[in-house]
Amino acid sequence: NNQKRIKNSNINKLNYNASKLSKGQLRYYSTNTANKIGPYIAGLIEGDGHIAVHDKNSNSKKYHPKIIIVFNLNDRPLAEKLSTVLKVGKVIDRSNAGHVLLQILAKEEVLKIINLINGHMRTPKIEALHRAIDWINLEYGSSVSSLGLDTSPLNSNGWLAGFTDADGNFSITVSDRKRNNTVKTSVQTFFRIEVKQNYSRDVSVSQGGASYFSIMTEIAEFFTVNLYTRTRTVGDKVYYAFMAIAHNSRSHKIVREYFDHFPLYSSKYLAYKDWCHAQDLHSTGRGKSLSKESLDKIKKIKDQFNNKREIFDFSHLDDLI
Numbered sequence: 001n002n003q004k005r006i007k008n009s010n011i012n013k014l015n016y017n018a019s020k021l022s023k024g025q026l027r028y029y030s031t032n033t034a035n036k037i038g039p040y041i042a043g044l045i046e047g048d049g050h051i052a053v054h055d056k057n058s059n060s061k062k063y064h065p066k067i068i069i070v071f072n073l074n075d076r077p078l079a080e081k082l083s084t085v086l087k088v089g090k091v092i093d094r095s096n097a098g099h100v101l102l103q104i105l106a107k108e109e110v111l112k113i114i115n116l117i118n119g120h121m122r123t124p125k126i127e128a129l130h131r132a133i134d135w136i137n138l139e140y141g142s143s144v145s146s147l148g149l150d151t152s153p154l155n156s157n158g159w160l161a162g163f164t165d166a167d168g169n170f171s172i173t174v175s176d177r178k179r180n181n182t183v184k185t186s187v188q189t190f191f192r193i194e195v196k197q198n199y200s201r202d203v204s205v206s207q208g209g210a211s212y213f214s215i216m217t218e219i220a221e222f223f224t225v226n227l228y229t230r231t232r233t234v235g236d237k238v239y240y241a242f243m244a245i246a247h248n249s250r251s252h253k254i255v256r257e258y259f260d261h262f263p264l265y266s267s268k269y270l271a272y273k274d275w276c277h278a279q280d281l282h283s284t285g286r287g288k289s290l291s292k293e294s295l296d297k298i299k300k301i302k303d304q305f306n307n308k309r310e311i312f313d314f315s316h317l318d319d320l321i
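The UniProt record's numbering puts the first residue of the sequence shown at 1, with every later residue one more than the last.
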C-alpha cells in the first residue's frame, strides 16, 4: 500500500487569490450534443490516457500511433461502453495490476479518436496528440491539422468531467470535536483534483508549455478556490503535484452545477451522487445540531463510499451518447 510508504507529505497554498465567476458565466452551458463526447474523451485521455508514437530516430520496430486509456477495475463497464459506442479498440484485463485498459491500435480507429479530441485538449499532453498527427501526416501524406489548446470556459463542455473521471476524488469526513466539554460531530465534504506538476517531455510555448500550472490554476479559479502544491516522498522518490480542493458551500455549488450538467461516467458518478446526498443531509442541520437520524445516514453513506463500495449500478451509462 503506497499510503503506508509515504514518509512525508507537504501541502502549500500558492500565493494568489481565486477569482470569482460572474453569475452569467456560472450558469451558461453549451447544449450542443455534437460537442458532448469529444471534450469528455479528451479530458479522460489527458488524465489517464497515453498516446504512444514511434520515435523516428529509434531502431525499434516501427508502429502506428496507439491510444491506451487506463480504468480502475470497477470501471470496466465504462471502458466497454466507450469501446462499443465509439466502435474502437478492445478492453484488456489487467486485474493483477488493479486495472483494465481500453487499447486502440487500428489505424482508422486511432484516427477517429484523434479527430474526436483534436481541438479539445487543455493540458501539456497536447504534445503527444500533435506528435501523433505529425507522424500520420508524414507517413501517409495526409493533412490533419494540429489544433491548439481549447481556451473555451471550463463550464462550456464535458472536458472537466472526463478529467475528473481520471484524476478527481470525492471525500466525506466525519469527526468528533470536543469544545467546552461538549463533543460535537463534524461532517465535511471535499472534491479534489490532483495532478503532477510537469509533463514528461518538452512542450512548446504554442502548446502551452510543460507545466500543469496553467490548467490547474484555471480549474481552481473556476471553483473559486486556491491552488495548492503538494510534495510527498515515497521510498527514495519525491513527487510534486498541484491540487485544487472544493471545500466550502460556494465551491460545492459550482461543483454540483457543473456535474449535474456534464455528468461523470465512471463509478465516480456514484460517489458524486452519494457526496451530494451527504451534503443535503448535513445542510438540513445547519445552524443547529445535526440530528442523529441524519448523522446515521451520512455514516451509512460513508461506510460504502469510494473503495468501500460493493454494489455498482452503471445505468447512467445509458446517457453517454
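For each residue, glycine too, the CB sits at the ideal point set by N, CA and C.
Worksheet entry | Residue closest to Leu-227, alpha-carbon to alpha-carbon, out of Gly-235, Asp-236, Val-234, Ile-215 | Comparing Cα positions, the closest option is Ile-215.
Discussion item. Measuring straight from C-alpha to C-alpha, what distance separates Asn-139 and Lys-112?
Written reply: According to the sequence displayed, residue 139 carries Glu and not Asn. Roughly 17 Å separates the two Cα atoms.
Worksheet entry | Exposure of Pro-311, with buried meaning 16 or more beta-carbon neighbours within 10 Å | Reading off the sequence shown, one finds Ile at residue 311, where the question assumed Pro. Per the 10 Å Cβ criterion, exposed.
Worksheet item: What is the residue span of the beta strand (DSSP E) that Ser-145 lies within?
Response: Annotation for Ser-145: no beta strand (DSSP E) segment contains it, and DSSP assigns it neither H nor E.
Worksheet item: According to the neighbour-count rule (16 or more other Cβ atoms, all chains shown, within 10 Å of its Cβ), is Asn-157 buried or exposed?
Response: Around the beta carbon of Asn-157, 16 or more other beta carbons lie within 10 angstroms, which makes this residue buried.
Discussion item. Using the three-state DSSP reduction, which class does Leu-227 fall into: helix, strand or coil?
Written reply: Annotated three-state conformation of Leu-227 is strand, per DSSP.
Worksheet item: Does the beta-carbon of Trp-120 have 16 or more other beta-carbons within 10 angstroms, so that it is buried, or is it exposed?
Response: It should be noted that the sequence gives His, not Trp, for residue 120. The residue in question, His-120, is buried, as its Cβ has 16 or more Cβ neighbours within 10 Å.
Worksheet item: In terms of residue numbering, what span does the beta strand (DSSP E) encompassing Tyr-199 cover?
Response: Premise fails: Tyr-199 is in no beta strand (DSSP E) and is neither H nor E.
Practice prompt. Helix, strand or coil for Phe-190, going by three-state DSSP, please let me know.
Written response: In the structure shown, Phe-190 sits in a strand (DSSP, three-state: E or B).
Worksheet item: CB Val-53 to CB Arg-131, shorter than 7 Å?
Response: Contact flag set, yes.
Practice prompt. Compare the C-alpha of Tyr-272 against each of Asp-296, Phe-242, Arg-192 and name the closest.
Written response: Per the C-alpha coordinates, the member of Asp-296, Phe-242, Arg-192 positioned closest to Tyr-272 is Arg-192.
Worksheet entry | Range covered by the beta strand (DSSP E) that runs through Tyr-240 | For Tyr-240, the enclosing beta strand (DSSP E) begins and ends at 237–246.
Worksheet entry | Bounding residues of the beta strand (DSSP E) (the contiguous stretch that carries Leu-52) | In the sequence under discussion, the amino acid at residue 52 is Ala, which differs from the Leu named in the question. Ala-52 -> beta strand (DSSP E) spans 49–52.
Worksheet entry | Near the ligand COA: Asn-248 beta-carbon under 6 Å from a heavy atom | Among the components modelled here there is no ligand, and therefore nothing to report on the ligand COA.
Worksheet entry | Minimum length 3: unbroken beta strand (DSSP E) runs contained in the segment 113–137 | Scanning the segment 113–137 for uninterrupted beta strand (DSSP E) segments of 3 residues or longer gives nothing; none is fully contained.
Worksheet item: For Gln-304, does the count of other Cβ atoms within 10 angstroms reach 16, so buried, or fall short, so exposed?
Response: Its Cβ having fewer than 16 others within 10 Å, Gln-304 is exposed.
Worksheet item: Starting from Ser-206 and walking both ways along the alpha helix (DSSP H), at which residues does that stretch end?
Response: Membership of Ser-206 in any alpha helix (DSSP H) is not indicated, and neither H nor E is assigned to it by DSSP.
Worksheet item: Could you give the distance in angstroms between the alpha-carbon of Ile-245 and the alpha-carbon of Gly-89?
Response: Spanning the alpha carbons of Ile-245 and Gly-89 requires a straight line of approximately 34 Å.
Worksheet item: Can you list, in chain order, the residues of its chain whose CB lies under 8 Å from that of Gly-98, leaving out five sequence neighbours each side?
Response: Hits under 8 Å: Asn-72, Leu-73.
Item to complete: List the whole-angstrom C-beta distance separating Ile-69 from Leu-102, where the pair is believed to meet the contact cut-off of C-beta under 8 Å.
Response: Contact annotation, Ile-69 with Leu-102: C-beta distance approximately 4 Å; criterion of less than 8 Å satisfied.
Discussion item. Run through the DSSP bridge pairs and tell me what His-99 is partnered with.
Written reply: Under DSSP, His-99 takes part in a beta bridge, and its partners are Asn-72, Arg-94.
Fill in: Sheet register partners of Thr-217 (DSSP bridge)
DSSP, once it has assigned bridges, lists no residue as partnering Thr-217.
Worksheet entry | Other residues of its chain near Gln-207: CB distance less than 6 Å, five sequence neighbours each side excluded | Excluding residues up to 5 positions away in sequence, Ile-126, Glu-127 lie with their Cβ nearer than 6 Å to the Cβ of Gln-207 in the same chain.
Practice prompt. Name, in chain order, the residues that DSSP records as bridge partners for Asp-176.
Written response: Per DSSP, Thr-185.
Worksheet item: Straight-line CA distance for Ser-146 to Gly-47?
Response: Each residue's alpha carbon lies about 20 Å from the other.
Item to complete: State the start and end residues of the unbroken alpha helix (DSSP H) segment that holds Leu-320.
Response: It is not in any alpha helix (DSSP H) - Leu-320 carries neither H nor E in the DSSP assignment.
Worksheet item: For Phe-242 versus Val-205, is the C-beta distance shorter than 7 Å?
Response: At the C-beta level, Phe-242 and Val-205 stay beyond 7 Å of one another.
Fill in: Cα-Cα separation between Asn-59 and Val-234, rounded to whole angstroms
Looking at the two C-alpha atoms, the distance is approximately 34 Å.
Worksheet item: Residue range of the alpha helix (DSSP H) that Phe-163 falls in?
Response: The continuous alpha helix (DSSP H) containing Phe-163 extends over residues 159–167.
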